[in-house]
Amino acid sequence: MEERKRIIDVREALRHKAPGAARWIPAAVTNWLARTIHEEELNDILARYAALDGVSFMQALVGEFDLKLDVHGAEHLPTPEQRCLLAYHPVSPAYSVKISYICAIK
Numbered sequence: 035m036e037e038r039k040r041i042i043d044v045r046e047a048l049r050h051k052a053p054g055a056a057r058w059i060p061a062a063v064t065n066w067l068a069r070t071i072h073e074e075e076l077n078d079i080l081a082r083y084a085a086l087d088g089v090s091f092m093q094a095l096v097g098e099f100d101l102k103l104d105v106h107g108a109e110h111l112p113t114p115e116q117r118c119l120l121a122y123h124p125v126s127p128a129y130s131v132k133i134s135y136i137c138a139i140k
């Protein structure tokens, strides 16, 4: 089976950002961190939808995570030419995906 390019790699990021410290960090710690951020799952999703971007990518994520959207007041959103969206939610990134998707499809 062909090895796919890893977009997210905890160990490589540590080696790149803190080369002196990286060699002293136990593998158990980097393995725990990789599991905590769901490194494998994220890389799998990014590889499967690599050909998509923008609205198409957001639509794929909404389907992938089976997100339910209940939109009220979409008629009040500005036209696409007038939109500038910055979406970040520290507790649930799914909210950012939903907001991006809603703003893109109106």
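Letter by letter, the sequence shown follows residues 35 to 140 of our numbering.
Every residue gets a Cβ at the ideal spot worked out from N, C-alpha and C, and that includes glycine.
Fair warning: this is a prediction, and the values are worked out from it, not measured in the lab.
- Taken through DSSP and simplified to helix, strand or coil, residue 52 comes out as coil.
- According to the DSSP assignment, residue 93 belongs to the alpha helix (DSSP H) that extends over 88-98.
- DSSP, reduced to helix, strand and coil, places residue 64 within a helical segment of the structure shown.
- Residue 109 is classed as exposed because its beta carbon has fewer than 16 other beta carbons within 10 Å across all chains shown.
- In the assembly as shown, residue 73 is a buried residue. Its beta-carbon has 16 or more other beta-carbons within 10 Å.
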